[in-house]
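K.L.:
Line by line, the protein sequences give chains A and B. The first sequence begins at 1083 in my numbering and counts up one residue at a time. The second sequence begins at 1083 in my numbering and counts up one residue at a time. Provided herewith is a single structure, encoded as structure tokens, for subsequent inquiry.
2 protein chains.
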Amino acid sequence: MNIILAESDEITDKLIRLIDYRAEHIIKVLRSQVGDMVRFGIISGGRGQAEIIDLKKKYPFFVDLSIEISDLQVTVPPVDLILALPRPIMLKRILSQVTALGVGTIHLVNANRVEKSFWEASIVAENRFRPYLLQGLEQAVDTRLPRISLHRRFKPFIEDFFPTIKDRCQVSIIAHPGSQSTLQQNVERESGRVALAVGPEGGWVDYEVGKFREQGFIDCSIGKRILKVDTAVTALHARISLLLE
Amino acid sequence: MNIILAESDEITDKLIRLIDYRAEHIIKVLRSQVGDMVRFGIISGGRGQAEIIDLKKKYPFFVDLSIEISDLQVTVPPVDLILALPRPIMLKRILSQVTALGVGTIHLVNANRVEKSFWEASIVAENRFRPYLLQGLEQAVDTRLPRISLHRRFKPFIEDFFPTIKDRCQVSIIAHPGSQSTLQQNVERESGRVALAVGPEGGWVDYEVGKFREQGFIDCSIGKRILKVDTAVTALHARISLLLE
């Protein structure tokens, strides 16, 4: 945890009392004392510093902070991710990782090779994404939660939904091993926002690749090596970010 | 598992009988039948195809393969990794991931912020790296095991050992958040091999950064966001690979 994050409604007159894992982190990991400063941010809001004005190290422990927000800018990272729903353990890891890397919106979509049971996992069925997104923000010292959007059927997503958001991204890329095209040929500093579609283990089927192409997606490969979905997402995100810089 | 890998001494006259997790994968995941072909490679050797000439699906199960090696080329990926020893669970994940991404040699080194107990973990103390490296090869359809080299003391590593291997890499990069320099300024297609040094959670201390600089390392940042070590390694590897292409 590289920043302490809180909801705006937890704060009263620039003061907050922490009694949960955040207090524990300040006491046990940072081993802070009264008078020390910690990085502090408001979820979906500004960032700054907080001074520890009181704390109790033994149960029931607490930490009282006095907050000074200095950086009000919240920026939307220039990559949106369209991800074939992975198995829950992989999904949790990817949510934290791409939130740490920076992502605008994450569209979780169905695909031919997505197992139906993945949609019934509690994280998906009960919308329990938030803790994994917060982990990513706390890691990367950010405050902006990515948006998450669920699409349980592929065809309505690509034919009906995607056209309504198409204009948000100047370039749309579908990761597809074996493609002759590369990211270097299609993404550059002037590209603005990029939509990146990453398939399930085993890849998109031809029908899906065709549908993405109909919507203007360009299929790109990052080499012959087959990567796990989490590694592929990070590697693709890193390459696209470099090309956008 | 995207390729079945075997040691050369498991093969007799182009034939092999599998009775372990590889046979299980062919029977239960691939659901192959006699006559089907599977991708096959020899560890540290060539790649090709194998035909299933016999199999038994019930315990004690086995799969008999007839092997045809067609691709004898074994290439050494152009990145070497110098990694401050991470905690065991993180180390296992990174070993598989960078092996899948492709890495020449992995130097596991001590650093000020490496916990001493990490060196006593069984994977390190008993040199049990191989299963994680094989997972990476099986994922990426490769046969070349990365070399692993252990350096329990930082100063002898950087002052005495590193100079002996320095000439293997044309560019040496130390990942260091906050640095003004970028990978784009230092790595290009003509760079040849790159040595990449990635620190522990919390980063390298100033003394270590100074020692790397003395050996010609250039410190580069990939932005303000703080990443977990496994995410950082993949993101740095992806950016360097793109610049080398």
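Every residue, glycine too, gets a C-beta built ideally from N, C-alpha and C. Everything numeric in this text was worked out from a predicted model, so none of it was measured.
#1: Between the stretch 1298-1313 of chain B and the stretch 1257-1265 of chain B, do three or more beta carbon pairs fall short of 8 Å?
#2: According to DSSP, is L1227/A helix, strand or coil?
#3: Which whole-angstrom value describes the C-beta separation of G1281/B and A1193/B, a residue pair presumed to lie in contact below a C-beta threshold of 8 Å?
#4: What do you reckon, are the CB atoms on G1123/B and L1154/B nearer than 8 Å?
#5: In the DSSP assignment, what are the bridge partners of K1138/B?
#6: State yes or no: is the C-beta of Q1179/A within less than 8 Å of the C-beta of T1094/A?
#7: Write down every uninterrupted run of the beta strand (DSSP E) in the stretch 1241-1273 of chain B whose length is 3 residues or greater and which is fully enclosed by it, in chain order.
#8: Could you please tell me which residues of the stretch 1218-1242 of chain A, in chain order, have their CB closer than 8 Å to any CB of chain B?
#9: With C-beta atoms as the reference, is N1084/B less than 8 Å away from I1308/A?
#10: Answer with yes or no whether the minimum CB distance from G1127/A to chain E is below 8 Å.
#11: Leaving out five residues before and five after P1159/A in sequence, what residues of the same chain have Cβ atoms less than 7 Å from its Cβ?
#12: Taking 8 Å as the cut-off, does the stretch 1142-1157 of chain A touch the stretch 1166-1176 of chain A (at least 3 CB pairs, one atom from each stretch)?
#13: Please determine if the stretch 1227-1243 of chain A and the stretch 1102-1113 of chain A are in contact, where contact requires at least 3 C-beta pairs separated by less than 8 Å.
#14: Once DSSP output is grouped into helix, strand and coil, what is the label at T1094/B?
#15: Check whether the Cβ atoms of E1283/A and V1311/A sit closer than 8 Å, and answer yes or no.
#16: Exposed or buried, which one is A1132/B when buried takes at least 16 other CB atoms within 10 Å?
#17: With 16 other CB atoms within 10 Å as the buried threshold, where does D1162/B fall?
#18: Which chain A residues are close to L1183/B, counting only those with a beta carbon under 8 Å from its beta carbon?
#19: Rank C1251/B, D1118/B, L1326/B by C-alpha distance to the C-alpha of V1269/B and give the top, closest one.
#20: Please list, in chain order, all residues of the same chain as G1285/B whose beta carbon is under 8 Å from its beta carbon, the five residues on each side excluded.
#21: Which term fits S1199/B, buried or exposed, when burial requires 16 or more other beta carbons within 10 angstroms of its beta carbon?
#22: Give every residue of the same chain whose Cβ lies closer than 7 Å to the Cβ of F1244/B, excluding the five residues on either side of it in the sequence, and list them in chain order.
#23: Looking at the structure shown, is S1323/A part of a helix, part of a strand, or coil, going by DSSP?
#24: Check each candidate in W1201/A, P1168/A, I1086/A, F1143/A and name the one with the smallest Cα separation from M1119/A.
P.N.:
According to the data block:
#1: yes
#2: By one-based count along the first sequence, residue 1227/A stands at place 145. Coil, per DSSP.
#3: Taking the second sequence and counting its residues from 1, the one referred to as residue 1281/B is at position 199. Taking the second sequence and counting its residues from 1, the one referred to as residue 1193/B is at position 111. Rounded, the Cβ-Cβ distance is 6 Å, consistent with contact.
#4: For the purposes of this step, residue 1123/B is identified with residue 41 of the second sequence, where counting begins at 1. For the purposes of this step, residue 1154/B is identified with residue 72 of the second sequence, where counting begins at 1. No, these two residues do not count as a Cβ contact at 8 Å.
#5: Against the second sequence, residue 1138/B aligns to sequence position 56. DSSP, once it has assigned bridges, lists F1144/B as partnering K1138/B.
#6: As a position in the first sequence, residue 1179/A is number 97, starting the count at 1. As a position in the first sequence, residue 1094/A is number 12, starting the count at 1. No, these two residues do not count as a Cβ contact at 8 Å.
#7: 1253-1257
#8: Q1221, A1222, V1223, D1224
#9: Stepping through the second sequence from its first residue, residue 1084/B is reached at position 2. Stepping through the first sequence from its first residue, residue 1308/A is reached at position 226. Against a cut-off of 8 Å, the Cβ pair of I1308/A and N1084/B comes out as a contact.
#10: The chain inventory of the structure shown lacks chain E, comprising the protein chains A and B.
#11: Counted from its first residue, the first sequence places residue 1159/A at position 77. Answer for P1159/A: G1184, V1185, G1186, listed in chain order.
#12: no
#13: no
#14: Here residue 1094/B corresponds to residue number 12 of the second sequence, with the count starting at 1. In the structure shown, T1094/B sits in a strand (DSSP, three-state: E or B).
#15: In the first sequence, the residue the question calls residue 1283/A occupies position 201. In the first sequence, the residue the question calls residue 1311/A occupies position 229. For E1283/A and V1311/A, yes; Cβs fall inside 8 Å.
#16: The residue given as residue 1132/B occupies position 50 in the second sequence. Burial call: buried.
#17: Along the second sequence, one-based indexing puts residue 1162/B at 80. Result: buried.
#18: Translated into the one-based positions of the second sequence, residue 1183/B becomes position 101. Those within 8 Å of L1183/B in chain A are R1307, L1309, T1313, A1317.
#19: The residue labelled residue 1269/B in the question sits at position 187 within the second sequence. Here the closest residue by C-alpha is L1326/B.
#20: Locating residue 1285/B in the second sequence gives position 203, counting from the first residue. Within the same chain, G1285/B has close Cβ partners R1195, H1258, P1259.
#21: For this step, residue 1199/B is matched to residue 117 along the second sequence. By the 10 Å Cβ count, S1199/B comes out exposed.
#22: As a working note, residue 1244/B is residue 162 in the second sequence. So the list reads Q1297, once near-sequence residues are dropped.
#23: Numbered from 1 along the first sequence, position 241 holds the residue referred to as residue 1323/A. Helix.
#24: If you number the first sequence from 1, residue 1119/A lands on position 37. Out of W1201/A, P1168/A, I1086/A, F1143/A, I1086/A has the C-alpha closest to the C-alpha of M1119/A.
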